[in-house]
Amino acid sequence: MYPGDPTAPELPKSTSNHVFPGYGMRTLCELASHSSFDPERHWDRCGNIMDYFACYLTGSDEVLMSNHNAYCWGYSTDLEWNREILPYTPDWIELPKIVRTDAGTFVKLGDCRLEGLENIPVSVAYADLTGYLILGTSAQLCFVLPDDAELPKLPVTTHVFPFAKGLTLVAAASMNGGNTLDAFLAMIQRWCSEASGKDCTCQLDKGHIFSGVDKATSLHNAEQNRIPDVNALFTKERGSEDKGVDIIGLKTDTSLTEMLIGICRGVIYNLFSLIPSELLVSYGVKKLYLIGTAKNDRFLVHIKEYLREHNSDVELHLAETDTSAAYGVAL
1 MYPGDPTAPE LPKSTSNHVF PGYGMRTLCE LASHSSFDPE RHWDRCGNIM DYFACYLTGS
61 DEVLMSNHNA YCWGYSTDLE WNREILPYTP DWIELPKIVR TDAGTFVKLG DCRLEGLENI
121 PVSVAYADLT GYLILGTSAQ LCFVLPDDAE LPKLPVTTHV FPFAKGLTLV AAASMNGGNT
181 LDAFLAMIQR WCSEASGKDC TCQLDKGHIF SGVDKATSLH NAEQNRIPDV NALFTKERGS
241 EDKGVDIIGL KTDTSLTEML IGICRGVIYN LFSLIPSELL VSYGVKKLYL IGTAKNDRFL
301 VHIKEYLREH NSDVELHLAE TDTSAAYGVA L
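Its first residue numbered 1, the sequence shown is counted upward by one per residue in the working numbering.
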């Protein structure tokens, strides 16, 4: 569900945290407002993909949701769903039971029932002095810190979630990640169609394009004064005004590779504007794990560049695997 849905303004303001489009509880309530939603009352449980996967592994019909995941769903405080939203939830669907998952402790959700994995306990919980920079379609930068730590005023797109006993999760969630490159390339195709008066049906070889960007970025083949300065906000950030993309330094002979390098740099610098590296260092973050396309040179070089410019003593580590959240919750 997205802004503009007629039901959204009718939902009460959360007493615990900001609730944005796509948050689970808001989506559930907006779905329930439509008479065509589950008319046969087929669904009687709800949760996120992590909960679904855990229930599938264990065969449990009780949905247990961690307190930090519940906070990300919206409308929750500690281990309870906020009262103001309950009248808007579908009365035939049982809400997840919120449980505390403290770092370093084992909170059992059940035993695995899959062949070859029988009786392996399913749980989730861990945290350390580590930050994570994740680049996929969107981009995230997150770390944990003691819940009594004082934080400066943060942008609305940077969220502070209860994570575990004594720990808080600080997460910058940008809507602009790898999707910015796709958006720009799609824009070029659309312009070609408009200019020619014909549908531009040619398939772009994105693998070839991105490989060229990786190579040029890693070898520093592109002269820095030729790289456009791009504020790569192709998608409006949550809670922010849609100002579009700013491009400075675009020239008549700017190449596609140079333009894409500028976009990649803009993605990284925008993400660090939500959680500056100085903030990571000040709270004891020693390592920053790069996940997804953040490991590719088209982004990696700019991450190193940003940390070097800001004299940030943070070790970069390339995550060996890109594990999904649903799989990770079951480990």
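Just so it is clear, CB atoms sit at the ideal spot from N, CA and C, and this is done for glycine as well.
Exercise. When burial is assigned at 16 or more other CB atoms within 10 Å of the CB, is residue 234 buried or exposed?
Worked result: Buried, because 16 or more other Cβ atoms sit within 10 Å of the Cβ of residue 234.
Exercise. Taking the alpha helix (DSSP H) that residue 94 falls in, what are its first and last residues?
Worked result: Here residue 94 belongs to no alpha helix (DSSP H), and DSSP marks it neither H nor E.
For this session: Within 10 angstroms of the Cβ of residue 37, are there 16 or more other Cβ atoms? Answer buried if so, exposed if not.
Result: exposed
Exercise. Going by other Cβ atoms of all chains shown within 10 Å of its Cβ, with 16 needed for buried, is residue 214 buried or exposed?
Worked result: That one is buried.
Problem set entry | Pairwise C-alpha distance: residue 288 and residue 143 | 9 angstroms
Exercise. With distances taken between CB atoms, is the gap from residue 218 to residue 177 smaller than 8 angstroms?
Worked result: no
Problem set entry | residue 192, enclosing beta strand (DSSP E) - first and last residue | Where residue 192 is concerned, there is no enclosing beta strand (DSSP E), although the alpha helix (DSSP H) it sits in stretches over 179-196.
Problem set entry | Of the residues 92, 72, 10 and 263, the one placed nearest residue 41, counting alpha carbons only | 92
Exercise. Using the C-alpha atoms, what's the distance from residue 55 back to residue 62?
Worked result: 8 angstroms
Exercise. When you compare only the Cα positions, how much space is there between residue 230 and residue 254?
Worked result: 13 angstroms
Problem set entry | Helix, strand or coil at residue 264 [DSSP, three-state] | helix
Exercise. How is residue 220 classed by DSSP in three states: helix, strand or coil?
Worked result: coil
For this session: State the Cα-Cα distance for the pair residue 53 and residue 111, rounded to the nearest angstrom.
Result: 13 angstroms
Exercise. Where does residue 72 land, buried or exposed, given buried means 16+ other C-beta within 10 angstroms?
Worked result: buried
For this session: Tell me where the alpha helix (DSSP H) around residue 53 begins and ends.
Result: 49-58
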